[in-house]
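Protein chains in written order, with the numbering used here: chain D, 39 to 474; chain Z, 39 to 474.
Just so you know, even glycine gets a beta-carbon here, dropped at the ideal spot from N, CA and C.
None of the values given here were measured: they were computed from a predicted structure.
Below you'll find the structure, written out as structure tokens, and then a few comments.
There are 2 protein chains.
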Amino acid sequence: MTIGIGLLGLGTVGAGVAEILQTPDGRHPLVADLELKRVAVRDLNRPRPIELPSEILCTDPQAVVQDPAVDIVVEVMGGLEPARSLILAAIAAGKPVVTANKAVIARHGEEIAAAAADKGVYVLIEAAVGGGIPIIEPLKQSLGGNRIQRVSGIINGTTNYILSRMADEGAAYAEVLADAQRLGYAEADPAADVGGGDAADKIAILSGLAYGGPIERAAIPTEGIDRLDGCDVNYADQLGYVVKLVAQAKNLGTASDGTVQLDVRVSPTLLPKDHPLAGVHGVNNAILVEGDPVGRVMFYGPGAGSGPTASAVVADILNIAGIRAATGNNGGLDPLLAASRWRNCALVDAGETLQRHYVRLQTGDEAGVIGRIGSCFGDQGVSIRSIVQFETSGEATDAEIVVITHEVKQQHFANALAAIKALPEVKAVAACLPTL
Amino acid sequence: MTIGIGLLGLGTVGAGVAEILQTPDGRHPLVADLELKRVAVRDLNRPRPIELPSEILCTDPQAVVQDPAVDIVVEVMGGLEPARSLILAAIAAGKPVVTANKAVIARHGEEIAAAAADKGVYVLIEAAVGGGIPIIEPLKQSLGGNRIQRVSGIINGTTNYILSRMADEGAAYAEVLADAQRLGYAEADPAADVGGGDAADKIAILSGLAYGGPIERAAIPTEGIDRLDGCDVNYADQLGYVVKLVAQAKNLGTASDGTVQLDVRVSPTLLPKDHPLAGVHGVNNAILVEGDPVGRVMFYGPGAGSGPTASAVVADILNIAGIRAATGNNGGLDPLLAASRWRNCALVDAGETLQRHYVRLQTGDEAGVIGRIGSCFGDQGVSIRSIVQFETSGEATDAEIVVITHEVKQQHFANALAAIKALPEVKAVAACLPTL
Chain D
39 MTIGIGLLGL GTVGAGVAEI LQTPDGRHPL VADLELKRVA VRDLNRPRPI ELPSEILCTD
99 PQAVVQDPAV DIVVEVMGGL EPARSLILAA IAAGKPVVTA NKAVIARHGE EIAAAAADKG
159 VYVLIEAAVG GGIPIIEPLK QSLGGNRIQR VSGIINGTTN YILSRMADEG AAYAEVLADA
219 QRLGYAEADP AADVGGGDAA DKIAILSGLA YGGPIERAAI PTEGIDRLDG CDVNYADQLG
279 YVVKLVAQAK NLGTASDGTV QLDVRVSPTL LPKDHPLAGV HGVNNAILVE GDPVGRVMFY
339 GPGAGSGPTA SAVVADILNI AGIRAATGNN GGLDPLLAAS RWRNCALVDA GETLQRHYVR
399 LQTGDEAGVI GRIGSCFGDQ GVSIRSIVQF ETSGEATDAE IVVITHEVKQ QHFANALAAI
459 KALPEVKAVA ACLPTL
Chain Z
39 MTIGIGLLGL GTVGAGVAEI LQTPDGRHPL VADLELKRVA VRDLNRPRPI ELPSEILCTD
99 PQAVVQDPAV DIVVEVMGGL EPARSLILAA IAAGKPVVTA NKAVIARHGE EIAAAAADKG
159 VYVLIEAAVG GGIPIIEPLK QSLGGNRIQR VSGIINGTTN YILSRMADEG AAYAEVLADA
219 QRLGYAEADP AADVGGGDAA DKIAILSGLA YGGPIERAAI PTEGIDRLDG CDVNYADQLG
279 YVVKLVAQAK NLGTASDGTV QLDVRVSPTL LPKDHPLAGV HGVNNAILVE GDPVGRVMFY
339 GPGAGSGPTA SAVVADILNI AGIRAATGNN GGLDPLLAAS RWRNCALVDA GETLQRHYVR
399 LQTGDEAGVI GRIGSCFGDQ GVSIRSIVQF ETSGEATDAE IVVITHEVKQ QHFANALAAI
459 KALPEVKAVA ACLPTL
């Protein structure tokens with residue numbers, strides 16, 4: 039039974055998908071049933087990494103969506119529009135959709151899911167998070183018996199590449215970014231990556247699946263690595279930590295109306311070197327899921343790239359093909375694979391939750407300053423794990439003091455910090471990072 | 039829609055499953071549709087960690103299988119018989135089966151799969167490998183677009199616990215094993231774990247899924263850790279490696295008749311410390327899958343225990359429930375989830391494949407011995423990565439020389455080793471371990 043595939047976009051990921059479909063040998067036999075029927079590209083004359091029969095290429099994505107030979111629409115063009123409209127058009131035509139488009143799903147996922155449920159078609163998004171790492175399907179299909187406590191991850195390869203090199207080479211952020219752009223690991227406009235927006239898109243998607251309700255993407259507190267000082271990476275290393283851009287969604291409990299209270303955020307974060315996410319280097323990604331009763335499970339692999347992302351896209355196509363092989367077109371939707379929502383989620387202020395902190399203070403190099411800083415924390419009941427003075431390479435009279443706290447309430451920490459700022463010896467709170 | 043669950047066995051895993059089914063709140067809503075209808079136990083009077091209504095307990099597992107209220111049979115009793123017969127009886131009754139029984143699946147998987155295909159029911163086995171780690175379902179449902187090149191893993195928690203402690207504490211094998219038995223991490227009869235048989239069961243299952251054909255369990259070369267000398271763990275550490283019990287299945291290519299040639303084996307193996315599997319400590323497991331085009335993806339988590347294994351069992355139950363919600367009882371089998379075989383696999387002699395080796399030689403402490411050993415390797419074209427002499431704590435005239443080779447053909451390595459054994463200064467080849 040042949041299943042017709044329509045491809046919207048033939049860039050890096052699209053070419054990777056076409057490559058798999060054209061070389062089924064040695065892959066799962068269902069791949070041989072998939073036939074690339076029509077491909078929408080922007081420019082018919084552009085040279086491509088893959089050769090396709092010219093009659094299946096066109097410049098009209100709507101024609102691909104509406105082509106009766108196309109059974110499954112694969113959207114790998116990226117961007118919000120026309121991607122969103124094309125996905126909705128495919129659903130309206132009763133066609134299942136596979137997309138790698140995290141931006142569209144993070145922003146318009148509920149609209150798309152509602153339309154898909156209404157029409158009884160799947161919209162699958164394995165490639166939207168973690169590149170080739172199977173994470174969306176395991177979250178939907180393998181962890182449903184759990185109460186998920188936390189999902190955390192390194193889910194942006196560009197920033198992890200930059201942070202890995204900053205740590206390994208002691209290099210400055212701007213310098214490594216420029217190099218990453220030259221090497222193609224960062225885009226000419228790196229804002230979505232280094233500002234944390236891409237990771238926020240992805241954690242919105244992951245937490246929606248893990249907790250079973252829509253997540254308000256715009257409400258996710260997001261801090262990127264663009265203002266991170268290399269010296270904090272260096273100090274963290276000396277204290278037994280690595281700095282990673284961590285996206286996390288922590289379950290704070292359920293309100294009386296059944297709404298799950300979530301602390302979702304993206305920020306540069308200190309991880310102890312023996313933390314499972316600490317060993318994730320370069321452009322790799324990893325997602326750690328903590329649940330009851332499974333404990334901690336982690337999914338690791340290449341977070342981007344043509345081949346890995348295409349692997350994830352084809353996985354989704356095969357899932358649709360597999361179900362179609364079993365049921366024809368007449369079945370309803372499997373609620374696991376369809377990822378139907380079952381409760382509400384609310385992003386809440388994490389003020390009452392416990393959190394560890396890393397703080398770097400610029401001070402005069404005077405006797406007793408460590409003691410006075412320690413007292414400010416102690417007065418608020420903030421317990422300190424370590425407090426270390428580093429000599430700065432600048433003026434001899436200045437010092438930097440780094441404090442790592444135990445888990446404390448945000449309000450107590452804020453109070454202590456206010457008292458510290460008021461100390462005459464303290465010139466600035468130069469950095470403040472969450473610590474796992 | 040209620041789905042009736044029949045449980046065969048109420049030990050550690052069975053109690054974990056019952057616990058999840060009885061506390062659906064906060065889990066996927068499909069869990070609430072699952073109802074524990076009947077449970078077979080060995081002794082009705084034994085105290086249990088979980089309270090169940092006495093009327094659902096019985097001592098006759100066949101009665102559970104045949105109970106019309108039971109829609110899905112969950113086999114968590116372990117052992118080969120009567121587990122195998124009960125699984126076949128459930129299939130014959132047209133009931134899908136979920137099992138955590140790696141021994142039965144590794145030995146009788148083909149018989150069971152054939153019966154299941156014939157009856158059109160699923161037999162799902164997520165809990166049979168890797169405890170709570172989602173690995174079976176991702177292999178079946180998320181990596182089908184790939185040509186799998188290698189599956190390797192640390193898939194026995196007991197041996198990994200022992201090896202981790204040997205490395206951390208420099209302790210001897212027998213000493214750590216005794217302690218592990220006292221703590222419940224190793225069984226009173228540890229043979230299946232420390233001899234590698236449990237890992238061989240699991241790699242047979244994993245490679246059958248990854249490569250799409252039956253694997254002859256009895257033909258898997260299996261070496262355990264029971265003859266591993268602590269000094270090799272120590273020397274490996276000094277040379278930048280860790281020793282792990284690695285199970286692996288490497289794709290050596292496809293014969294002209296389409297049979298996949300596999301090198302499948304279990305043995306203590308040196309891993310460079312930056313290898314993704316090297317950081318897996320204690321009772322954790324991890325499985326690394328290498329494929330084209332996905333690259334390397336790794337799945338990590340707790341490899342055993344009541345909660346994690348129960349999480350995997352419930353995942354399988356939910357998959358069956360999800361498909362039933364979509365199609366009722368009338369659908370055919372999804373070829374991905376059913377893991378239908380599509381080609382033949384053959385275990386072949388790895389003589390022609392390339393392999394790195396660690397060799398420990400006991401020699402007299404004479405000048406020139408390193409040179410003569412090096413020459414024996416050189417004469418066979420065996421390229422050496424490092425050759426290091428360690429002083430032994432024993433007699434002053436004796437030394438131990440450790441050689442780590444680059445990738446070499448087995449035959450060349452064997453020839454070199456024969457020449458080395460014939461050297462008068464060489465007293466013994468004390469250890470020989472593969473190296474990744």
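Inset, instruction - Would you list, in chain order, the members of the stretch 176-194 of chain Z that have their beta-carbon closer than 8 Å to a beta-carbon of chain D? - result: 176, 179, 180, 181, 182, 183, 184 and 185
Inset, instruction - Mind the definition here: the stretch 301-311 of chain Z touches the stretch 269-288 of chain Z only if three or more C-beta pairs lie below 8 Å; say whether that holds. - result: yes
Legend entry - Segment limits, alpha helix (DSSP H) that includes residue 176(D): First-last of the alpha helix (DSSP H) with residue 176(D): 174-179.
Inset, instruction - Please report the residue range of the alpha helix (DSSP H) in which residue 323(Z) lies. - result: Per DSSP, residue 323(Z) belongs to no alpha helix (DSSP H); it is in the beta strand (DSSP E), 322-330.
Legend entry - Close beta carbons around residue 462(Z), own chain, < 7 Å, minus the five adjacent residues each side: none
Inset, instruction - Spell out whether any CB of chain Z is found under 8 Å from the CB atom of residue 292(D). - result: yes
Legend entry - Limits of the alpha helix (DSSP H) - the one that residue 319(D) falls within: It is not in any alpha helix (DSSP H) - residue 319(D) carries neither H nor E in the DSSP assignment.
Inset, instruction - Return the residue from the list 73(Z), 90(Z) and 96(Z) that minimises the CA-CA distance to residue 82(Z). - result: Ranking the options by Cα distance to residue 82(Z), first place goes to 96(Z).
Legend entry - Rounded straight-line distance, which links the Cα of residue 271(Z) to that of residue 258(D): 47 Å
Legend entry - Pairwise C-alpha distance: residue 86(D) and residue 331(D): 48 Å
Legend entry - DSSP bridge partner residues for residue 443(Z) (one or two, in chain order): 422(Z)
Legend entry - Rounded C-alpha distance that separates residue 30(Z) from residue 292(D): This structure leaves residue 30(Z) out entirely; chain Z is present only between 39 and 474.
Inset, instruction - Run through the stretch 365-420 of chain D for me and flag every whole alpha helix (DSSP H) of 4 or more residues, listed as ranges in chain order. - result: 373-376 and 407-417
Legend entry - Limits of the unbroken alpha helix (DSSP H) element including residue 221(D): 211-221
Legend entry - Contacting positions in the stretch 347-371 of chain D - beta carbon closer than 7 Å to chain Z: 348, 349, 352, 353, 356, 357, 360, 361, 363, 364, 365, 369, 370 and 371
Legend entry - Contact check, residue 74(D) vs residue 43(D), beta carbons under 8 Å: yes
Inset, instruction - Tell me whether residue 286(Z) is buried or exposed, calling it buried when 16 or more other Cβ atoms sit within 10 Å of its Cβ. - result: buried
Inset, instruction - Have a look at the DSSP bridge pairing and note the partners of residue 96(D). - result: 78(D)
Legend entry - Cβ-Cβ distance between residue 76(D) and residue 114(D) below 8 Å: no
Legend entry - Contacts around residue 230(D), its chain only, beta-carbon distance under 6 Å, and the 5 residues preceding and following it disregarded: Same-chain partners within the cutoff: 236.
Legend entry - Distance, residue 131(D) Cα to residue 71(Z) Cα: 32 Å
Inset, instruction - Quick one: grab the DSSP three-state call for residue 289(Z). - result: In this structure, DSSP gives residue 289(Z) an extended state, which the three-state scheme calls strand.
Inset, instruction - Taking only beta-carbon positions, decide if residue 302(Z) is within less than 8 Å of chain D. - result: no
Legend entry - Interface partners of residue 345(Z) on chain D, CB under 8 Å: 330, 331, 332 and 333
Inset, instruction - Return the residue from the list 281(Z), 301(Z) and 295(Z) that minimises the CA-CA distance to residue 315(Z). - result: 281(Z)
Inset, instruction - Give the single residue among 386(Z), 428(Z) and 379(Z) whose Cα lies nearest to the Cα of residue 247(Z). - result: 379(Z)
Inset, instruction - Return no unless some Cβ of chain D is closer than 8 Å to the Cβ of residue 66(Z). - result: yes
Inset, instruction - Say whether chain D places a C-beta atom closer than 8 Å to the C-beta of residue 112(Z). - result: Not one chain D Cβ lies under 8 Å of residue 112(Z).
Legend entry - CB contact below 8 Å: residue 474(D) versus chain Z: no
Legend entry - Counterpart residues of residue 428(D) in DSSP-defined beta bridges: BP columns for residue 428(D) point to 438(D).
Inset, instruction - Find the nearest neighbour of residue 160(Z) within the set 98(Z), 303(Z), 360(Z) and 441(Z), judged by alpha-carbon distance. - result: 360(Z)
Inset, instruction - Spatial neighbours of residue 165(Z) within its chain, please: CB distance less than 6 Å, with the 5 preceding and 5 following residues excluded, ordered by chain position. - result: 138, 347, 350 and 351
Legend entry - Buried or exposed by the 16-neighbour rule on C-beta atoms within 10 Å, applied to residue 88(D): exposed
Inset, instruction - Using a cut-off of 7 Å between C-beta atoms, extract the partners of residue 134(D) located in chain Z. - result: For the C-beta of residue 134(D), not a single chain Z residue is nearer than 7 Å; the gap to the nearest is close to 13 Å.
Legend entry - Within chain D, the residues that residue 419(Z) reaches when beta carbons sit closer than 7 Å: Under the 7 Å cutoff, chain D gives no residues; its nearest Cβ is about 31 Å from residue 419(Z).
Legend entry - C-alpha gap between residue 45(Z) and residue 449(Z), whole angstroms: Going by the C-alpha atoms only, they are around 51 Å apart.
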